[in-house]
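One structure is given below, encoded as structure tokens.
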């Protein structure tokens, strides 16, 4: 089945640090990947849609200059949280589905990255 | 009205019982429907997907779709404590949009 790998799984760093999270599709190509954020006991919140070779599409209220997304290849998207602060501490999850085939395919999620900013 | 509605729960059922999780949606253009399970502190994992009206069974899980009434449900037979998790309903529109819409999830507790 489709596998999405996310790295790192856990990050603890000081306030002001920039943190990069990688999302890879291991056995399929994905022109589109999605980045979500989830606070404890709350629902998934879509942050942005990452588009291979073009700019990401951000959801309303998400600062594009703070959450930099790069999707330079068909198997890799990165999310960089710039100058992270304690309020950015959250669980970040990426997802993707294969580019080929029917558009109604399910999303496959990475294992998530737990980000803690001190 | 939210696009995807789920009762947040928690839904508590005894071990061995049938757990019934429901989801309603507002967009009649929805084509594909998915159920994900999310354990606390983990990312969602796909359980089932259904595209056509009726029932689809996979082991202890049965997904039911009724497009006319705009609801999709998930039945878990012989519930186990390990089934305790949050269950997310998701859907995709027809017409090539890849962006899925998720419900807020229903918390299920299966007690011994």
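Protein chains in written order, with the working numbering: chain A, 1254 to 1371; chain B, 265 to 376. For glycine and all other residues, C-beta sits at the position ideal for the given N, C-alpha and C. Computed from a predicted structure; not experimentally measured.
May I ask you to report which of helix, strand or coil DSSP gives residue i?
i	result
residue 383 of chain B	Residue 383 of chain B lies beyond the stretch modelled for chain B, which goes from 265 to 376, so this question has no answer here.
residue 319 of chain B	strand
residue 1293 of chain A	coil
residue 376 of chain B	coil
residue 1369 of chain A	strand
residue 345 of chain B	helix
residue 1339 of chain A	helix
residue 269 of chain B	strand
residue 1333 of chain A	strand
My guess is that residue i and residue j are in contact by the Cβ rule of under 8 angstroms, so how many angstroms apart are they, rounded?
i	j	result
residue 285 of chain B	residue 338 of chain B	4 angstroms
residue 1299 of chain A	residue 1312 of chain A	5 angstroms
residue 346 of chain B	residue 283 of chain B	No, residue 346 of chain B and residue 283 of chain B are not in contact; Cβ-Cβ is about 12 angstroms, not under 8 angstroms.
Report yes if the CB atom of residue i is closer than 9 angstroms to the CB atom of residue j, and no otherwise.
i	j	result
residue 292 of chain B	residue 331 of chain B	yes
residue 324 of chain B	residue 340 of chain B	yes
residue 329 of chain B	residue 1360 of chain A	no
residue 371 of chain B	residue 272 of chain B	yes
residue 1368 of chain A	residue 1348 of chain A	no
residue 307 of chain B	residue 1363 of chain A	yes
residue 1301 of chain A	residue 1319 of chain A	no
residue 1288 of chain A	residue 1303 of chain A	yes
residue 351 of chain B	residue 288 of chain B	no
residue 1352 of chain A	residue 1309 of chain A	no
For residue i, is the classification buried or exposed, using 16 other Cβ atoms within 10 angstroms of its Cβ as the cut-off for buried?
i	result
residue 1279 of chain A	exposed
residue 270 of chain B	buried
residue 278 of chain B	exposed
residue 1374 of chain A	This structure cannot settle anything about residue 1374 of chain A, because the visible part of chain A is limited to 1254 through 1371.
residue 1261 of chain A	exposed
residue 1292 of chain A	exposed
residue 316 of chain B	exposed
residue 1263 of chain A	exposed
residue 1256 of chain A	exposed
Given 8 angstroms, three or more beta-carbon pairs between the region 1267-1279 of chain A and the region 1331-1350 of chain A | Here the region 1267-1279 of chain A makes contact with the region 1331-1350 of chain A; the two share three or more CB pairs at distances below 8 angstroms.
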